[in-house]
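**Q** Take the sequence shown: its letter number 439 is residue 475 in our numbering, and every next letter is one higher.
Yeah, the Cβ is synthetic: ideal placement off N, Cα and C, and Gly gets one too.
Pasting a structure here, questions to come.
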Amino acid sequence: MSTAILTGPPVPGSSLEGDLRSLGFDVRSAGAAGTAELLDAVPAGERVALVDPRFVGHVHALRLALTDPRFPAAAAPGALTAQPEARAALVRAVRGAPGGPDAVAAALDADGTAVRRPELGSLVAVVATGEAEREQARAAVAAVDEEAVRLRTAVKSRDGFFTTFCVSPYSRYLARWCARRGLTPNQVTTASLITALIAAGCAATGTRGGYVAAGVLLLLSFVLDCTDGQLARYSLQYSTMGAWLDATFDRAKEYAYYAGLALGAARGGDDVWALALGAMVLQTCRHVVDFSFNEANHDAESNTSPTAALSDRLDSAGWTVWVRRMIVLPIGERWAMIAVLTAVTTPRIVFYALLVGCALAALYTTAGRVLRSLTRRARRTDRAAQALADLADSGPVAQFVAARGPRLGGAWTAPVVAAVGAVALVVAALTQPVGSRQVIVAAVFYAVLSGIAVARPLKGALDWLVPPVFRAAEYGTILIIAARCEVNGALPAAFGLVSAVAYHHYDTVYRIRGGTGAPPQWLVRTIGGHEGRTLAVVILATLLATRNTDLTLALTALAVTVALVVLTESIRFWVSSGAPAVHDEGEPA
37 MSTAILTGPP
47 VPGSSLEGDL
57 RSLGFDVRSA
67 GAAGTAELLD
77 AVPAGERVAL
87 VDPRFVGHVH
97 ALRLALTDPR
107 FPAAAAPGAL
117 TAQPEARAAL
127 VRAVRGAPGG
137 PDAVAAALDA
147 DGTAVRRPEL
157 GSLVAVVATG
167 EAEREQARAA
177 VAAVDEEAVR
187 LRTAVKSRDG
197 FFTTFCVSPY
207 SRYLARWCAR
217 RGLTPNQVTT
227 ASLITALIAA
237 GCAATGTRGG
247 YVAAGVLLLL
257 SFVLDCTDGQ
267 LARYSLQYST
277 MGAWLDATFD
287 RAKEYAYYAG
297 LALGAARGGD
307 DVWALALGAM
317 VLQTCRHVVD
327 FSFNEANHDA
337 ESNTSPTAAL
347 SDRLDSAGWT
357 VWVRRMIVLP
367 IGERWAMIAV
377 LTAVTTPRIV
387 FYALLVGCAL
397 AALYTTAGRV
407 LRSLTRRARR
417 TDRAAQALAD
427 LADSGPVAQF
437 VAARGPRLGG
447 AWTAPVVAAV
457 GAVALVVAAL
467 TQPVGSRQVI
477 VAAVFYAVLS
487 GIAVARPLKG
497 ALDWLVPPVF
507 RAAEYGTILI
517 IAARCEVNGA
527 LPAAFGLVSA
537 VAYHHYDTVY
547 RIRGGTGAPP
557 QWLVRTIGGH
567 EGRTLAVVIL
577 ATLLATRNTD
587 LTLALTALAV
597 TVALVVLTES
607 IRFWVSSGAP
617 AVHDEGEPA
């Protein structure tokens with residue numbers, strides 16, 4: 037329940053009270069009673085709004101200012117809202133700064149409570165002080181198509197070429213259709229997941245008809261994936277559950293589809309599990325590069341980079357913007373490519389195209405970010421260093437070495453040390469015989485160097501490369517061992533293990549983005565950290581690689597254990613921990 041308090045007597049002929057009720061507010065007028073007294077009478081757990089009765093504007097302007105659940109306090113001209121966490125500050129502001137909502141909003145800002153002021157664009161929101169001004173404002177309201185504004189702003193301002201020109205022109209109307217029928221973004225997100233899983237099942241049939249159906253359903257799943265975010269923006273239905281669902285379902289859909297393609301190929305006698313796992317590893321590592329770079333520079337205290345300046349100049353030419361967005365193979369282009377190739381070619385060709393496209397995109401984006409990091413002058417904050425440490429996912433072994441081992445200096449020490457350990461491990465896994473103890477030695481060496489790499493705060497120019505290096509080492513080692521051991525079922529089991537671990541890493545990212553910090557340390561220790569899991573897989577391969585399917589069973593057991601622990605804690609966190617009410621809009625990559 038929400039309450040709106042009109043800070044003065046109602047204006048005759050005004051539709052304001054009806055507009056507020058249409059937005060779910062119980063409207064009360066200050067009248068003889070003061071605003072502060074009415075505010076005290078509103079239960080502490082409710083959202084409360086203060087609205088100047090002389091307000092004239094669009095209903096959607098009020099919706100943007102008063103109903104967005106993501107911000108403790110928000111305001112537009114003549115209107116102010118506060119959620120329960122900002123109520124105490126609102127009471128102080130009302131008592132200390134008597135006046136209308138605009139004066140109270142200024143007092144809240146002065147008191148240290150951030151007040152969100154949404155961009156209204158062409159929407160009208162004014163406080164009319166006279167009849168002439170009121171008539172002028174009403175004419176301005178009538179001149180702007182509010183519904184057209186809602187549809188336009190439902191679409192992300194920055195998106196890929198395929199999404200912008202091939203999906204959003206009609207998916208926004210699907211979002212409006214859903215809103216008018218009371219559907220929520222979470223329901224649409226779930227429908228998108230179910231559609232993608234059905235697509236994966238069709239691909240798993242291994243028939244041409246199944247592949248065609250899979251391609252069509254994958255595109256439909258993507259349309260629904262766009263629609264859920266547009267519905268959230270259209271109707272401001274942001275939720276904590278939506279943050280979790282939208283943040284994780286994209287990856288679940290894509291990787292489930294990879295598994296479906298691999299199963300379908302196996303039915304036709306073609307084993308492409310190594311390609312499927314390689315595509316998942318490459319795609320996940322691409323995302324970790326994005327996440328790490330963004331977190332390292334999220335609140336950098338300065339940003340002077342000739343590379344960034346060149347990027348800005350290129351953005352001034354419209355065609356280069358679309359070319360650069362397509363080069364990185366964002367989710368829309370990637371899913372369209374996968375869908376079309378699934379329908380007309382074979383799973384092997386799909387994975388070849390995916391690996392080549394993602395590899396080129398990864399080289400382009402990573403090279404650009406390295407150049408930006410080398411040419412910019414910035415001092416990273418403690419928050420950025422902590423975020424990188426959390427993304428590193430260091431387990432007990434690395435933490436022990438970091439606490440008691442050498443603390444090497446130097447601007448590039450952390451990424452170089454991490455890369456040396458990762459390369460040594462991957463080379464050993466590639467060149468040494470399956471079951472060789474030399475791979476265990478390399479894994480121990482990697483674990484020790486991973487601890488040394490994170491012993492100091494990750495504030496160097498290229499320290500954001502440390503988490504991606506760790507991901508590549510862990511995932512790559514699992515892939516190599518499973519592919520080389522020639523044990524029946526080892527690759528599908530490894531696919532399941534990497535999927536479970538990748539979910540943990542994505543979950544870590546979205547917790548950090550929400551400002552709630554990384555998963556608890558007990559969880560990281562329980563699942564071993566990146567170096568602990570790598571050691572476990574290497575030791576299991578050494579002991580069991582020659583014993584028929586024992587390695588498959590061991591990898592499966594490890595995957596199930598990690599998945600159960602991670603999913604249980606993740607669901608508990610997102611459902612009941614009071615995480616921020618945001619709706620993730622998907623990754624461009």
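Taking its Cβ as the centre, do 16 or more other Cβ atoms sit within 10 Å of D543, making it buried, or is it exposed?
**A** It counts as buried.
**Q** Give the DSSP-derived three-state secondary structure of V462 in the structure shown.
**A** Looking at V462 - three-state DSSP - the assignment turns out to be helix.
**Q** Please report the Cβ distance between D88 and G114, rounded to the nearest whole angstrom; I am assuming they are in contact, meaning their Cβ atoms lie under 8 Å.
**A** Indeed they touch by this definition, with Cβ atoms about 4 Å apart.
**Q** Quick one: measure Cβ to Cβ for S100 and P154, integer angstroms, because I've assumed they're closer than 8 Å.
**A** Checking the sequence shown, residue 100 turns out to be Leu, not Ser. L100 to P154, Cβ: 4 Å. Contact.
**Q** How is the beta strand (DSSP E) around I41 delimited, first residue to last?
**A** Per DSSP, I41 belongs to the beta strand (DSSP E) from S38 to L42.
**Q** Give the DSSP-derived three-state secondary structure of F107 in the structure shown.
**A** Coil, per DSSP.
**Q** Within 10 angstroms of the Cβ of P45, are there 16 or more other Cβ atoms? Answer buried if so, exposed if not.
**A** Answer is exposed; the Cβ neighbour count stays below 16.
**Q** Quick one: what's got a C-beta closer than 7 Å to S606's C-beta in the same chain, skipping five residues either side?
**A** Around S606: D543.
**Q** Take every Cβ of the stretch 486-496, pair it with every Cβ of the stretch 420-439, and state whether three or more of those distances are shorter than 8 Å.
**A** With a cut-off of 8 Å, the stretch 420-439 and the stretch 486-496 count as touching, because enough Cβ pairs lie within range.
**Q** Report all residues from its chain with a CB closer than 6 Å to the CB of A509; omit the five preceding and five following residues, and keep chain order.
**A** Excluding sequence neighbours, A509 sits near A458 and L461.
**Q** Suppose the cutoff is 6 Å on Cβ atoms and the five residues either side in sequence are ignored; what does the same chain contact list for A455 look like?
**A** If we look at A455 and ignore the five residues flanking it on each side, its Cβ neighbours are V505.
**Q** Please give the ranges of any alpha helix (DSSP H) in the stretch 273-304, keeping only runs that are unbroken, at least 4 residues long and fully inside the region.
**A** Listed in chain order, the complete alpha helix (DSSP H) runs (minimum 4 residues) inside the stretch 273-304 are 276-303.
**Q** Could you pull out every unbroken alpha helix (DSSP H) segment of at least 4 residues lying fully inside the stretch 38-101, listed in chain order?
**A** DSSP runs (the alpha helix (DSSP H)) wholly in the stretch 38-101: 52-58 and 71-77.
**Q** Can you name the residues that DSSP bridges to A118?
**A** DSSP lists V84 and A109 as partners of A118.
**Q** Given a cut-off of 8 Å, decide if A572 and L587 are closer than it, judged by their beta-carbon atoms.
**A** Not closer than 8 Å, so no.
**Q** By DSSP, does A491 sit in helix, in strand, or in coil?
**A** A491: coil per DSSP, three-state reduction.
**Q** Suppose contacts are defined by Cβ-Cβ distances below 8 Å. Is C201 in contact with E369 by that definition?
**A** Cys is not the amino acid found at residue 201; the sequence shown has Phe there. Not in contact: F201 and E369 (Cβ atoms no closer than 8 Å).
**Q** Between the Cα of L9 and the Cα atoms of S328, L229, T189 and L313, which residue gives the shortest distance?
**A** The question about residue 9 has no answer here: the residues shown for the chain are numbered 37 through 625.
**Q** T231 and L210 - do their beta-carbons sit closer together than 8 Å?
**A** No, the pair does not count as a contact, with Cβ atoms beyond the cut-off.
**Q** Nearest-angstrom Cα distance between L559 and D426?
**A** Between L559 and D426, the C-alpha separation is close to 12 Å.
**Q** Which two residues bound the contiguous alpha helix (DSSP H) that contains V163?
**A** That residue, V163, is in no alpha helix (DSSP H); its beta strand (DSSP E) goes A161 to V163.
**Q** Are A397 and L365 close, meaning C-beta to C-beta below 8 Å?
**A** Cβ distance < 8 Å, so A397 and L365 count as in contact.
**Q** Count the other C-beta atoms from every protein chain shown that fall within 10 angstroms of the C-beta of A17, then say buried if there are 16 or more, exposed otherwise.
**A** Beyond the ends of the chain as shown, which are 37 and 625, falls residue 17; an answer cannot be given.
**Q** Mapping DSSP to helix, strand and coil, what is R217?
**A** Correct three-state label for R217: coil.
**Q** Taking the straight line between their C-alpha atoms, what separation do you get for A213 and T225?
**A** Reading the sequence as shown, one finds Trp at residue 213 and not Ala. In a straight line, the C-alpha of W213 is about 15 Å away from that of T225.
**Q** Rounded to whole angstroms, what is the Cα-Cα separation between N333 and Q422?
**A** When rounded, the distance between both Cα atoms is 12 Å.
**Q** Look at the alpha carbon of A315 and the alpha carbon of Y388, and state the distance between them as a whole number of angstroms.
**A** Using only the alpha carbons, I get a separation of about 9 Å.
**Q** Whole angstroms is fine: what's the gap from A465's alpha carbon to V477's?
**A** Cα to Cα, A465 sits roughly 11 Å from V477.
**Q** Classify R583 as helix, strand or coil using the three-state DSSP reduction.
**A** Looking at R583 - three-state DSSP - the assignment turns out to be coil, as it is neither helix nor strand.
**Q** From the DSSP output, which residues share a beta bridge with R152?
**A** DSSP, once it has assigned bridges, lists A110 as partnering R152.
**Q** May I ask you to report which of helix, strand or coil DSSP gives D306?
**A** The answer is coil: DSSP assigns D306 none of H, G, I, E or B.
**Q** Going straight from the alpha carbon of S275 to that of A420, what length do you get?
**A** Between S275 and A420, the C-alpha separation is close to 26 Å.
**Q** Between V611 and the rest of its own chain, which residues show a CB-CB distance below 7 Å, the 5 nearest in sequence each way excluded?
**A** Taken in chain order, the residues that qualify are M277.
**Q** Quick test of your reading: G471 and A581, contact by CB under 8 Å. State the CB separation rounded to the nearest angstrom.
**A** Contact holds; Cβ gap of about 4 Å.
**Q** Within the continuous alpha helix (DSSP H) that includes E522, where are the two ends?
**A** Careful: E522 lies outside any alpha helix (DSSP H) and carries neither H nor E.
**Q** Let me make sure I understand the geometry here. Which of W280, Y293 and R405 has the alpha-carbon closest to that of A239?
**A** It is Y293.
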